[in-house]
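Chemist: Read top to bottom, the protein sequences are chains A and B. The first sequence: position 99 = 99 (my numbering), numbered continuously. Remember, my numbering sits 1000 above the position in the second sequence when you count from 1. Heads up, the beta-carbon is just placed ideally off N, CA and C, and yes, glycines get one too. Every value quoted in this text rests on a predicted model; they were computed, and no experiment measured them. This is the structure I have questions about; it appears just below.
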Amino acid sequence: MTAANGLALIVLAGLSAYAVLGGADFGAGLWELLASGPRKHAQRDLLDRAMGPVWEANHVWLIFVVIALFSGFPGAFAALSQHLLVPISLALLGIVLRGGAFAFRHYGAPYGGDPVKGTRTWGRVFAIASLLTPACFGVAGGQLLSGGDAWAPLPLLGGALAVLCCSYLAATYLAADAAGIGDAALANDFRIRAIITGIGAGGLAVVGLTLVPGPVPLVIVFASSASRVGSLMLLRWRRYTLARVAAATAAATVLWGWAAVLHPWVIVGGLKLSETAAPASTANVVFAVLAVGLAIVTPCYAWMLRVLRPRAMAE
Amino acid sequence: MLDNLTAAREQMALSLSFHIIFAVLGVGLPWLMLWARWQGLRKNDPLWTALARRWAKAGGILFAIGAVSGTVLSVEFGLLWPKFMERFGSALSLPFTLESFAFFLEAIFFGLYLYGWDRLPPKVHLACGVPVAIAGMASALFVTTANAWMNGPVGLVKDSSGKLVAAEPLGPFMAATTPPQIVHIGLAALMCTGLATSAVYAAAMLRNPAKRDGYHCRGLAAGAVLGLAAAPLQVIVGDWAARVVYAKQPAKFAAMEDVGHTQSGAPLHVGPFELPRMLSIMLKFDPNARIAGMDSIPAPDRPPAAIVHLSFDIMAGLGSALVALAVWGGWAAWRHRRHGAAHPTERRWLLRALACAGPVPFMALLAGWIVTEVGRQPWIVYRVMRTTEALTPRGGLYVYFYVTFAIYLTLSIALIAILRRIARGPTPRDEPPSDMPQPEPIAARQAVAA
Ligand code: HDD
Ligand code: HEM
Ligand code: HEM
């Protein structure tokens, strides 16, 4: 394996981590928007408590991917930046508004009492911006496969699929968190939401299989279907912890399917990834630094996720 | 309507300036938080602990804005300057890769610090502050290393025809421009954080003299000591930076010091004044030394001199003014300690000066970046690639600029409203709960000192 292959795998691993961890933070936006029923406030409160401590660390995966990409494949980075100017700019817009709005919403009333004027509006902005970003990334992913512009079936499907996958992840994780703090009714709210979006995402993924320009390897199709169906069954049985894992696998395998179809291209029919790699001397160093860095960061990350899980006692 | 090149440059300048304000606070605030948390634990002092908590709240929101605005930057490099990233992305890979891990550690441990107050044992919680402080500082130094390399690139490998084929990954760390720039930015971050913090408490004390209590005095002291101690060092480092600029970037130097033509015994231009021979003396310690001027630079390679010179004067002027403030504050503290003079917070003029000094290092910071970035023009990588060669071929960039402007303006307004609310929260009084040891009130300490 050359350093360039290793770097490509690291980029894909970073993207998967971003999708599975950061994606859920974006998906929470839909549940903010659609919070309803007698537990409307509890739903919003839970997603605030679940996301608040971890979203920034989850977000760093995107920065990690960007940096690994331009370090390892500067030509690919330049080509993507030019080809995808519009969707990426809109995704950035969503990132800025989502992050800012979440912080404003979270700290709107730092000592209780009436929140600062505009806090409610920021809640709305948070929800809508959270949907904009995955939609744009999904469209961008579709554009790379179709090689054309955004107004085509494949990019549009990509956008919808990304939003549904993120919402599904968010609902599954939130159901698990609600169960973790012992609120069965709240867990059930998110469980129903997860089942609906999970079926939708699975359906779109199947449609996607027929639209993509090349075959998706059978292993990936199988793993994706098994984890998707498995996660839905686990949700049905209220086995939330396992459902969390299965849902994450289902989302990641969709991404791997996309990557497998894209390979060896950066933009299908345009540029090949191997042509854009950094010189071997750089690639070796970057690969080594990334590998060592990930080995240091991963345990810290896991510890953080464990310590900061929502607890029964609000702080 | 802006042309594409101008729009891209303004976009870069806007998003960097916005980011840097939060970034320097992200570098400095963790050190203050760490200090306050440590003092609170060590002395069992609830006032320090309350400060640490308050700063963590403000930090939480500042970090969020810093993180999203920083993300905009890393992606924007590609969106605006794809040719630059294509050729030099791998040259800059090492500092940026290391930076990404600094971000990870910072975000992870900041999350633990912020939300772990009641979940982690106090010592572990304090320890979580350490990686935040170190990683925050490291991220600033890594990104500035990348910038310093753009100012004085080294390690570029060319083939026999002179075409660029590769870049030494360690290049950015070996550039001569790197050491002064990273020390300078590190100190700038501490100055900005320290003086912004002390300004908040000085303003509160001016508005309401009853606020000269232990809580506000501690906050003021921590910020002022951090910010003002760095000020004299900063001038020395600035002088070092200027010497390196003269050696490595003669065009920037000529613009900075407004040296029109090469001459012996060059004067120093400061605002409307001209001090004869002073520049030669300062740079070479020789009143007759010959200094290269702008006329030694080919016309197409000259940066715009007026704005670079003005920005340099602003930075150096504000830096010197802060040294004067440091002397004043240090003198007041010394008089109080040694001679029992009034506590520094009793000096209204000193408080006024500290309150006004809050924005000053930020202005110097932005001015300094204008010197660096505009002074490097027309190059994006000095003497290797021109800014025009780096620009994206995509059109309509002005739309992005206007949208960015509107969004950042909105975020700033909302942010200020919330920070004011955070600052106005209840503060602990001097009398701690009876089961805690009593910290001496200021008056008692004054009596002992006298
Ligand atoms: C608190 C902020 C602050 C203060 C008080 C000063 N500076 Fe500064 N200066 C910066 C903040 C800064 C900066 C924003 O951090 C820069 C921009 C790029 C860099 O590396 O540092 C900078 C750049 C910068 C450069 C250009 C470096 C380059 O382009 O390679 C020079 C020559 C100086 N400074 C010199 C000075 C002098 C002589 C000062 C005092 C008398 C001074 N600075 C005070
Ligand atoms: C955060 C503080 C910074 C500020 C305020 C700042 C400011 C600016 C300004 C004013 C410009 C426009 C110059 C002109 O076109 O006349 C610019 C351009 C640019 N800066 Fe910076 N800069 C900062 C840091 C950095 C760093 C750390 C890097 C790289 C690692 C960087 C890379 C660039 C690039 C690539 C351009 C565009 C090309 C150019 O105009 O030369 N900047 N910046
Ligand atoms: C032009 C180049 C720059 C790029 C591409 C850049 C990129 C970024 C990114 C992506 C983040 C978010 C990290 C996170 O999510 O935690 C960030 C935060 C940060 N940046 Fe920058 N940055 C630049 C300039 C600077 C400069 C000049 C400084 C120097 C002071 C700096 C210091 C920081 C610090 C300390 C943070 C973390 C604290 C915070 O989030 O507020 N950056 N930057």
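Check whether the Cβ of A:Phe26 lies closer than 8 Å to any Cβ atom in chain B.
Modeler: no
Chemist: Entirely within the stretch 1146-1200 of chain B and at least 4 residues each: give me those alpha helix (DSSP H) ranges in chain order.
Modeler: 1171-1174
Chemist: Would A:Met51 pass as an interface residue toward chain B - the criterion being a Cβ-Cβ separation below 8 Å?
Modeler: no
Chemist: Just checking my contact of B:Gly1194 with B:Gly1028 at CB under 8 Å: how many whole Å lie between their CB atoms?
Modeler: Between the beta-carbon of B:Gly1194 and that of B:Gly1028 there is about 7 Å, and that keeps the pair under the 8 Å contact cut.
Chemist: Verify the CB distance criterion: does A:Glu315 have a CB-CB separation below 8 Å to chain B?
Modeler: Because A:Glu315 sits at a pLDDT of 40, beneath the cut-off of 50, its placement in the model cannot be relied upon, and the point is left open.
Chemist: Any residues in the stretch 270-290 of chain A with a beta carbon nearer than 7 Å to a beta carbon of chain B? Which ones, in chain order?
Modeler: Ala278, Pro279, Ser281, Thr282, Val285, Val286, Val289 and Leu290
Chemist: Residues of chain A with a CB under 7 Å from the CB of B:Ile1108: which are they?
Modeler: Correct list: Ala57, Cys300, Tyr301 and Met304.
Chemist: Give, in chain order, every unbroken run of the alpha helix (DSSP H) that is at least 4 residues long and sits entirely within the stretch 237-273 of chain A.
Modeler: 240-262
Chemist: From B:Val1448 to B:Arg1337, what does the alpha carbon distance come to, in whole angstroms?
Modeler: At B:Val1448, the pLDDT of 43 sits below 50, so the modelled position is not reliable; the number obtained from the coordinates is stated separately. So the alpha carbons of these two residues sit roughly 10 Å apart.
Chemist: Could you check which residue in A:Ala50, A:Ala140, A:Gln43 and A:Pro115 has the C-alpha nearest to that of A:Ala91?
Modeler: Answer by Cα proximity: A:Ala140.
Chemist: Just verifying my parser: in three-state terms, what is the DSSP assignment at B:Gln1249?
Modeler: coil
Chemist: How close, in whole Å, do the beta carbons of B:Arg1009 and B:Met1385 come, if the pair is a contact with beta carbons under 8 Å?
Modeler: Contact doesn't hold; Cβ gap of about 15 Å is too wide.
Chemist: The stretch 118-145 of chain A: which residues have C-beta closer than 8 Å to a C-beta of chain B, in chain order?
Modeler: Gly118 and Trp122
Chemist: Using a Cβ-based criterion (distance less than 7 Å to any ligand heavy atom), does A:Val219 qualify as near ligand 1?
Modeler: no
Chemist: Checking contacts by CB at 8 Å: is A:Gly100 closer than that to chain B?
Modeler: yes
Chemist: Below 7 Å CB to CB, which residues in the same chain sit around A:Trp256 once its five sequence neighbours on both sides are set aside?
Modeler: Ile220
Chemist: For B:Ala1241, verify whether its CB is less than 7 Å away from any heavy atom of ligand 1.
Modeler: yes
Chemist: Spell out whether any CB of chain A is found under 8 Å from the CB atom of B:Lys1163.
Modeler: no
Chemist: Please report the Cβ distance between A:Val289 and B:Thr1097, rounded to the nearest whole angstrom; I am assuming they are in contact, meaning their Cβ atoms lie under 8 Å.
Modeler: 5 Å
Chemist: Count the other CB atoms within 10 Å of the CB of A:Pro213; is the residue buried (16 or more) or exposed (fewer)?
Modeler: exposed
Chemist: Count the other CB atoms, across all protein chains shown, that sit within 10 Å of the CB of B:Lys1158; report buried if there are 16 or more and exposed otherwise.
Modeler: exposed
Chemist: Following the continuous alpha helix (DSSP H) through B:Ile1021, name the residue where it begins and the one where it ends.
Modeler: Asn1004 to Arg1042
Chemist: At a cut-off of 7 Å, would you count B:Pro1361 as near ligand 1, judging by its Cβ distance to the nearest heavy atom?
Modeler: yes
Chemist: What's the call for B:Ser1296, buried or exposed, on a 16-neighbour Cβ count within 10 Å?
Modeler: exposed
Chemist: Which residue marks the beginning of the alpha helix (DSSP H) containing A:Trp61, and which one marks its end?
Modeler: Trp55 to Gly72
Chemist: What does B:Leu1206 touch in chain A if you count any residue whose Cβ is under 7 Å from its own?
Modeler: Within 7 Å Cβ-Cβ: nothing; B:Leu1206 doesn't reach chain A, min ~23 Å.
Chemist: According to DSSP, is A:Trp151 part of a helix, a strand, or is it coil?
Modeler: Of the three classes helix, strand and coil, the one that applies to A:Trp151 here is coil, per DSSP.
Chemist: Are any of the Cβ atoms in chain A nearer than 8 Å to that of B:Met1385?
Modeler: no
Chemist: Suppose the cutoff is 6 Å on Cβ atoms and the five residues either side in sequence are ignored; what does the same chain contact list for B:Thr1049 look like?
Modeler: Gly1040
Chemist: Can you tell me where the beta strand (DSSP E) holding B:Trp1379 begins and where it ends?
Modeler: Trp1379 to Val1381
Chemist: At a Cβ threshold of 8 Å, is B:Gly1116 touching chain A?
Modeler: yes
Chemist: Against chain A, which members of the stretch 1049-1073 of chain B pass a CB distance test of less than 8 Å?
Modeler: Lys1057, Gly1060, Ile1061, Phe1063, Ala1064, Ile1065, Ala1067, Val1068, Ser1069, Gly1070, Thr1071 and Val1072
Chemist: Does DSSP put A:Ile181 in a helix, a strand or coil?
Modeler: coil
Chemist: In or out: B:Asn1147 buried (at least 16 other Cβ within 10 Å) or exposed?
Modeler: buried
Chemist: Please check the pair B:Leu1081 and B:Ala1390, which I expect to be a contact at CB under 8 Å, by giving their CB distance rounded to whole angstroms.
Modeler: Position check: residue 1081 of chain B holds Trp in this sequence, whereas Leu was assumed. Correct: roughly 4 Å between the Cβ atoms.
Chemist: Quick check: the Cα distance between B:Glu1440 and B:Arg1424, rounded to an integer number of angstroms?
Modeler: Per-residue confidence for B:Glu1440 stands at a pLDDT of 46, beneath the threshold of 50, marking its modelled position as unreliable; the derived number appears in the next sentence. Their Cα atoms are separated by approximately 25 Å.
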